[in-house]
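Participant:
Protein chains: 2
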Amino acid sequence: MSETTYPNFSFEIKHKSPSSHARLGRLLTPHGAIDTPNYIFCGTKAALRSMTAAQAKSLGADIILSNTYHLMIQPGADVVEKLGGLHAMMGWDGPMLTDSGGFQIFSMGHGTIADEIKGRRNDGRDKMLLNISEEGAVFKSYMGGGEITLTPESSMQIQRKLGADLIVQLDECTAFHVDKDYTAKSMRMSHRWGDRSLAEFKRTNDGKQAVYGIMQGGVYQDLRQESAEYTRDRDFFGTAIGGSLGGSRAQMVDVVGVCMQYAHPDRPVHLLGIGGIQDVFDNVRLGIDTFDCVSPTRIARHGWALSKGAPRERLNMRNARFRDDTTPLAADQDNPASQFSRGYLHHLVKAHEPLAIHILSMHNVATITRLMREIRAAIATDTLDQLEKEWIV
Amino acid sequence: MSETTYPNFSFEIKHKSPSSHARLGRLLTPHGAIDTPNYIFCGTKAALRSMTAAQAKSLGADIILSNTYHLMIQPGADVVEKLGGLHAMMGWDGPMLTDSGGFQIFSMGHGTIADEIKGRRNDGRDKMLLNISEEGAVFKSYMGGGEITLTPESSMQIQRKLGADLIVQLDECTAFHVDKDYTAKSMRMSHRWGDRSLAEFKRTNDGKQAVYGIMQGGVYQDLRQESAEYTRDRDFFGTAIGGSLGGSRAQMVDVVGVCMQYAHPDRPVHLLGIGGIQDVFDNVRLGIDTFDCVSPTRIARHGWALSKGAPRERLNMRNARFRDDTTPLAADQDNPASQFSRGYLHHLVKAHEPLAIHILSMHNVATITRLMREIRAAIATDTLDQLEKEWIV
Numbered sequence: 007m008s009e010t011t012y013p014n015f016s017f018e019i020k021h022k023s024p025s026s027h028a029r030l031g032r033l034l035t036p037h038g039a040i041d042t043p044n045y046i047f048c049g050t051k052a053a054l055r056s057m058t059a060a061q062a063k064s065l066g067a068d069i070i071l072s073n074t075y076h077l078m079i080q081p082g083a084d085v086v087e088k089l090g091g092l093h094a095m096m097g098w099d100g101p102m103l104t105d106s107g108g109f110q111i112f113s114m115g116h117g118t119i120a121d122e123i124k125g126r127r128n129d130g131r132d133k134m135l136l137n138i139s140e141e142g143a144v145f146k147s148y149m150g151g152g153e154i155t156l157t158p159e160s161s162m163q164i165q166r167k168l169g170a171d172l173i174v175q176l177d178e179c180t181a182f183h184v185d186k187d188y189t190a191k192s193m194r195m196s197h198r199w200g201d202r203s204l205a206e207f208k209r210t211n212d213g214k215q216a217v218y219g220i221m222q223g224g225v226y227q228d229l230r231q232e233s234a235e236y237t238r239d240r241d242f243f244g245t246a247i248g249g250s251l252g253g254s255r256a257q258m259v260d261v262v263g264v265c266m267q268y269a270h271p272d273r274p275v276h277l278l279g280i281g282g283i284q285d286v287f288d289n290v291r292l293g294i295d296t297f298d299c300v301s302p303t304r305i306a307r308h309g310w311a312l313s314k315g316a317p318r319e320r321l322n323m324r325n326a327r328f329r330d331d332t333t334p335l336a337a338d339q340d341n342p343a344s345q346f347s348r349g350y351l352h353h354l355v356k357a358h359e360p361l362a363i364h365i366l367s368m369h370n371v372a373t374i375t376r377l378m379r380e381i382r383a384a385i386a387t388d389t390l391d392q393l394e395k396e397w398i399v
Numbered sequence: 007m008s009e010t011t012y013p014n015f016s017f018e019i020k021h022k023s024p025s026s027h028a029r030l031g032r033l034l035t036p037h038g039a040i041d042t043p044n045y046i047f048c049g050t051k052a053a054l055r056s057m058t059a060a061q062a063k064s065l066g067a068d069i070i071l072s073n074t075y076h077l078m079i080q081p082g083a084d085v086v087e088k089l090g091g092l093h094a095m096m097g098w099d100g101p102m103l104t105d106s107g108g109f110q111i112f113s114m115g116h117g118t119i120a121d122e123i124k125g126r127r128n129d130g131r132d133k134m135l136l137n138i139s140e141e142g143a144v145f146k147s148y149m150g151g152g153e154i155t156l157t158p159e160s161s162m163q164i165q166r167k168l169g170a171d172l173i174v175q176l177d178e179c180t181a182f183h184v185d186k187d188y189t190a191k192s193m194r195m196s197h198r199w200g201d202r203s204l205a206e207f208k209r210t211n212d213g214k215q216a217v218y219g220i221m222q223g224g225v226y227q228d229l230r231q232e233s234a235e236y237t238r239d240r241d242f243f244g245t246a247i248g249g250s251l252g253g254s255r256a257q258m259v260d261v262v263g264v265c266m267q268y269a270h271p272d273r274p275v276h277l278l279g280i281g282g283i284q285d286v287f288d289n290v291r292l293g294i295d296t297f298d299c300v301s302p303t304r305i306a307r308h309g310w311a312l313s314k315g316a317p318r319e320r321l322n323m324r325n326a327r328f329r330d331d332t333t334p335l336a337a338d339q340d341n342p343a344s345q346f347s348r349g350y351l352h353h354l355v356k357a358h359e360p361l362a363i364h365i366l367s368m369h370n371v372a373t374i375t376r377l378m379r380e381i382r383a384a385i386a387t388d389t390l391d392q393l394e395k396e397w398i399v
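In the order they appear, the protein sequences are chains A and B.
For the first sequence, my numbering assigns the number 7 to the initial residue and increments by one for each residue that follows.
For the second sequence, my numbering assigns the number 7 to the initial residue and increments by one for each residue that follows.
1) Can you tell me the Cβ-Cβ gap for Gly252(B) and Val225(B), rounded? I've got them flagged as a contact below 8 Å.
2) At a CB distance below 8 Å, what residues from the segment 333-353 of chain A approach chain B? Give them in sequence order.
3) Among the residues of its own chain, which have a CB less than 6 Å from the CB of Thr11(A), if the five just before and after it don't count?
4) Quick one: which unbroken beta strand (DSSP E) runs of 3-plus residues sit fully inside the segment 42-110 of chain B? Chain order, please.
5) By the 10 Å Cβ neighbour count, where 16 or more other Cβ atoms means buried, how is Gln165(A) classified, buried or exposed?
6) Would you verify that the beta carbon of His308(B) is, or is not, closer than 8 Å to some beta carbon of chain A?
7) Specify the secondary structure class of Asp187(B) as computed by DSSP and reduced to three states.
8) In whole angstroms, give me the CA-to-CA distance for Thr375(A) and Phe112(B).
9) Going straight from the alpha carbon of Phe287(B) to that of His27(B), what length do you get?
10) Checking contacts by CB at 8 Å: is Pro360(A) closer than that to chain B?
11) When DSSP labels each residue in this structure, what does Glu18(B) get in the three-state scheme?
12) Is there a C-beta anywhere in chain A that falls below 8 Å from the one on Ser23(B)?
13) Check whether the Cβ of Ala62(A) sits closer than 7 Å to any heavy atom of the ligand HEM, and report yes or no.
14) Going by CA-CA distance only, name the one from Ile247(B), Met378(B), Arg202(B) and Lys167(B) that's closest to Leu278(B).
15) Could I get the ranges of all uninterrupted alpha helix (DSSP H) runs contained in the segment 222-250 of chain A, with 4 residues as the minimum, in chain order?
16) Per the DSSP calculation, Ile220(A) is bridged to which residue(s)?
17) If you draw a straight line from the C-alpha of Trp310(B) to the C-alpha of Phe328(B), how long is it?
18) Contact between the segment 43-58 of chain B and the segment 81-100 of chain B is defined here as three or more beta-carbon pairs at a separation below 8 Å; is this criterion met?
19) Kindly indicate the opening and closing residues of the beta strand (DSSP E) around Cys299(A).
20) Whole angstroms are fine: how far does the CA of Thr157(B) sit from the CA of Ala216(B)?
21) Looking at Ser250(B) and Phe346(B), is the spacing between their C-beta atoms short of 8 Å?
22) Quick one: residues in its chain with C-beta nearer than 6 Å to the C-beta of Ser367(B), no 5 flanking neighbours on either side, listed in chain order?
23) Report, in whole angstroms, the separation of the C-beta atoms of Met323(B) and Val371(B), which I expect to be a contact under 8 Å.
24) Do Ile294(B) and Val264(B) have their C-beta atoms closer together than 8 Å?
25) Going by other Cβ atoms of all chains shown within 10 Å of its Cβ, with 16 needed for buried, is Val174(A) buried or exposed?
26) Please confirm if Pro81(B) has its CB atom under 8 Å from at least one CB of chain A.
27) Can you tell which of Gly142(B), Glu159(B) and Leu136(B) has the C-alpha that lies nearest to the C-alpha of Tyr148(B)?
28) Using a cut-off of 9 Å between C-beta atoms, extract the partners of Leu366(B) located in chain A.
29) Applying the criterion that 16 or more other CB atoms from any shown protein chain within 10 Å of the CB defines a buried residue, is Asn44(B) buried or exposed?
30) Let me check one thing: in DSSP terms, what residues is Thr155(A) bridge-paired to?
31) Keeping to the same chain, check which residues put their C-beta closer than 6 Å to that of Ser196(B); ignore five residues upstream and five downstream.
32) With DSSP as the reference, label Thr303(A) as helix, strand or coil.
33) Along chain D, in chain order, which residues have C-beta atoms closer than 8 Å to that of Lys167(A)?
34) Scan the segment 295-382 of chain A and note each continuous beta strand (DSSP E) run of 3 residues or more that stays entirely inside, going in chain order.
35) Tell me the DSSP bridge mates of Leu168(B)?
36) Nearest CA to the CA of Gly282(B): which residue from Asp272(B), Ala143(B), Gly66(B) and Glu394(B)?
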């Protein structure tokens, strides 16, 4: 069915690991193809914080995303459309994804799901979700405070104007602490929203975009199965895993494992909002094809450099031991940012120079693109365990 | 005499304008040559704020500077030396200048000279100058508050460790409001400091650096003449114009004009801390060879884009008229930053995205390097007046 709905998209699984569910794929979009597993870098408000999209590309980034919620508020989908869509606006000619806008709205309403997925504190300031109903969600804009309603249909219309290749159905992202009964009801409403998203998508389908359905169901394995089967049986191009994945690494592996067991086997699967190095290894083994996380650029703002083989996956450039260290951030990463000395970065971070954030962001993006390249190579040679030991100590 | 003291440096005046004192030159250093007139971009704390030195080079920057005062406090000259000096640390292989450290100390003591030269407010917080004597200046470090003494000798020693090609004698930078008597006494002390700077420089001269003497004398033409003659008769490689240039464009032209009349005619002349577009035209006509100013990167942080032919030399990207403007920042400037649409920059500035500062900083540096290239071409063809009408409206 996908061939009819998505004539300009394809996903080919080229190789399956003999020792895990890891797989190599190729995802084709109107803006080119990416090899999977791959990592989608976050350009939240149509900006990768401190670097241009072209700079990210020079560091090996293949695909980026922006957040519908932020863009619908500022500058507004109509303005993005007038500026030629996200690709033209940002100077990015590769594949791109937008989310539905739901995640930010619900995380502002609940708090804890954002804590859980994004590692962010929520102090109540941001509780701007006013109402959820079958129709959609009503929330207060942080620009001016006016009320905005987001429905499955309006999310599709907005994402159409933004113009990303891969777009996502609206779903309710429930909080970590909610009970099974609420989770089940919410999940089934998300399924109805998925059907409405698909119907609206097809009404104006121009072949330029492809829709992902979302699996919800929290930490409850039977619900995850039900949701995976829902997405499997609908005409989505890809499948995304949303919602709470539990409170531990083991629980995340269980939840994602159930999703993968029942999800459509031939479609690309995206794991929403997860992207630490250990997470990537764990979930690649379960068959995840794409990841996204703000952490590579966010931790740069706190002075952290992602580093192959470093304790906790990273170096704290504030540490006094780097004071006169002439060692490059990563001599074996072939990009200019990774060649700066640790001593220089220590100085820049301590001096609060914005250049520290720019360099560390670029270094971190380069480190993640290297990780994904090495993971793809390791899947091909069935040496993922060995590679993991090099990255994680 | 310069050939002996500065065997690896030269300054050749290649062409003199028939209609003004404007001139084309070539300044050779151990890290390569620059064509003059040229603009020295400010990397205050060994960082061009939001871009790498290599990025500045790709935008046409030929020479950069760092501030001795900031670096002696953080990370300290010894650390910079251990990290291989400023060039290695910053990844910059072109010519570089450091100042003496005096300007920041005295501007913190006085306030008004900084207001005058740098367009900066001083609210008294920063008054950290404790004492000035014949020996040197004692000030309080902003890191930890300890007392530091800067003398002509220690300034040379510190600049030796920092390793810039062009270094500057210590001088006292007097406030705008001081009377002629104080200005004269201060200037003569600066001359004695210049002699001590030169003596210390020669004691350890390794051929890798060249010293500029500084002309002081405030707005008093006879003092400016005396100071110009002082520098002319000493073994400095180049001459810098420091101190107050008065309160108006006309007074600046008068003061710089006197300096140029009596300065050594064959040495490069640097105008310290001045670098608006109109300033550059005015002072190129008086024979100034190099400029420096923080404004290209500083105004980027306030959302301003330097622009050829724009009122007040720049565009305010916050302005609502740019909201859905697909016009590039400057289509005729051949660098990626200048190709982003004004609408995109409007969005980034309004959304407080750090990328706005990065893009506008790069665009502004590119605009200034273009200005200097066009000015050099216009001097060659004696069309400076025509070029000025294109830039300044």
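Backbone N, C-alpha and C define an ideal beta-carbon position, used for all residues, glycine too.
Just so you know, these numbers come straight off a predicted model, no measurement behind them.
Facilitator: By the coordinates alone:
1) Residue mapping note: residue 252(B) aligns to position 246 of the second sequence, counting from 1. Residue mapping note: residue 225(B) aligns to position 219 of the second sequence, counting from 1. In this structure, Gly252(B) and Val225(B) form a Cβ contact; the two beta carbons are roughly 5 Å apart against a cut-off of 8 Å.
2) Listed by position along the chain: Pro342, Ala343, Gln345, Phe346, Ser347, Gly349, Tyr350, His352 and His353.
3) Position 5 of the first sequence, counted from the start, is the residue given in the question as residue 11(A). Closer than 6 Å at the Cβ level, and outside the excluded window around Thr11(A), lie Asp241.
4) The qualifying runs are 44-48, 69-72 and 102-104.
5) By 1-based counting over the first sequence, the position of residue 165(A) is 159. Its Cβ being crowded by 16 or more others within 10 Å, Gln165(A) is buried.
6) One-based indexing of the second sequence puts residue 308(B) at position 302. Judged by the 8 Å Cβ criterion, His308(B) is not in contact with chain A.
7) Looking up residue 187(B) in the second sequence gives position 181. Shown here, Asp187(B) sits in a helix according to DSSP, grouped into three states.
8) The sequence position of residue 375(A) within the first sequence is 369, counting from 1. The sequence position of residue 112(B) within the second sequence is 106, counting from 1. A direct Cα-to-Cα measurement between Thr375(A) and Phe112(B) gives close to 48 Å.
9) Here the question's residue 287(B) lines up with position 281 in the second sequence. Here the question's residue 27(B) lines up with position 21 in the second sequence. Straight-line Cα distance between these residues: approximately 12 Å.
10) As a position in the first sequence, residue 360(A) is number 354, starting the count at 1. Interface annotation, Pro360(A): in contact with chain B, CB-CB separation under 8 Å.
11) Here residue 18(B) refers to the residue found at position 12 of the second sequence. If DSSP states are grouped into helix, strand and coil, Glu18(B) belongs with the strands.
12) Position 17 of the second sequence, counting from 1, holds the residue named residue 23(B). Taking Cβ atoms only, chain A never reaches closer than 8 Å to Ser23(B), which makes this a no.
13) No copy of the ligand HEM occurs in the structure displayed, which carries no ligand at all.
14) By one-based count along the second sequence, residue 278(B) stands at place 272. That would be Ile247(B), whose Cα lies nearest to the Cα of Leu278(B).
15) Complete alpha helix (DSSP H) runs here, min 4: 227-238.
16) Here residue 220(A) is taken as the residue at index 214 of the first sequence, counted from 1. The partner list for Ile220(A) (beta bridge, DSSP) reads Ala246(A).
17) By 1-based counting over the second sequence, the position of residue 310(B) is 304. By 1-based counting over the second sequence, the position of residue 328(B) is 322. Straight-line Cα distance between these residues: approximately 12 Å.
18) Enough Cβ pairs lie closer than 8 Å, so yes.
19) Taking the first sequence and counting its residues from 1, one reaches residue 299(A) at position 293. Annotation: the continuous beta strand (DSSP E) that includes Cys299(A) extends over Thr296 to Cys299.
20) As a working note, residue 216(B) is residue 210 in the second sequence. As a working note, residue 157(B) is residue 151 in the second sequence. Their backbone Cα atoms lie some 18 Å apart in a straight line.
21) For the purposes of this step, residue 346(B) is identified with residue 340 of the second sequence, where counting begins at 1. For the purposes of this step, residue 250(B) is identified with residue 244 of the second sequence, where counting begins at 1. Not in contact: Phe346(B) and Ser250(B) (Cβ atoms no closer than 8 Å).
22) Numbered from 1 along the second sequence, position 361 holds the residue referred to as residue 367(B). Cβ-Cβ distances below 6 Å link Ser367(B) to Ser56, Met57, Thr303 and Ala306 in the same chain, with the five nearest sequence neighbours on each side left out; the list follows chain order.
23) For the purposes of this step, residue 323(B) is taken as residue 317 along the second sequence, with counting starting at 1. For the purposes of this step, residue 371(B) is taken as residue 365 along the second sequence, with counting starting at 1. In fact, because the Cβ distance is near 16 Å, the residues do not count as touching under 8 Å.
24) Position 288 of the second sequence, counting from 1, holds the residue named residue 294(B). Position 258 of the second sequence, counting from 1, holds the residue named residue 264(B). No; because the gap between Cβ atoms is not below 8 Å, this pair is not in contact.
25) Working through the first sequence from its first residue, we reach residue 174(A) at position 168. Taking every protein chain shown into account, the CB of Val174(A) has 16 or more other CB atoms within 10 angstroms, so this residue is buried.
26) Mapped onto the second sequence, residue 81(B) falls at position 75. So yes, Pro81(B) belongs to the interface.
27) Numbered from its first residue, the second sequence carries residue 148(B) at position 142. Among Gly142(B), Glu159(B) and Leu136(B), the Cα nearest to that of Tyr148(B) is on Leu136(B).
28) Taking the first residue of the second sequence as position 1, residue 366(B) is located at position 360. At a C-beta separation below 9 Å, Leu366(B) has no neighbours in chain A, since its nearest C-beta there lies roughly 12 Å away.
29) Numbered from its first residue, the second sequence carries residue 44(B) at position 38. Residue burial is scored here from C-beta neighbours: Asn44(B) has at least 16 other C-beta atoms within 10 angstroms and is therefore classed as buried.
30) By one-based count along the first sequence, residue 155(A) stands at place 149. Thr155(A) pairs with Val144(A).
31) Counting from 1 along the second sequence, the entry for residue 196(B) is found at position 190. These residues qualify, in order along the chain: Asp177, Glu178 and Gln222.
32) Here residue 303(A) corresponds to residue number 297 of the first sequence, with the count starting at 1. In this structure, Thr303(A) counts as helix in the three-state DSSP scheme.
33) Any reference to chain D falls outside this structure, whose protein chains are A and B.
34) Look at the segment 295-382 of chain A and you find these whole runs of beta strand (DSSP E), each 3 residues long or longer: 296-299, 310-312 and 320-322.
35) Against the second sequence, residue 168(B) aligns to sequence position 162. Partner(s): none; Leu168(B) has no beta bridge.
36) Within the second sequence, residue 282(B) is the residue found at index 276, counting from 1. If we check each option's Cα against that of Gly282(B), Glu394(B) comes out closest.
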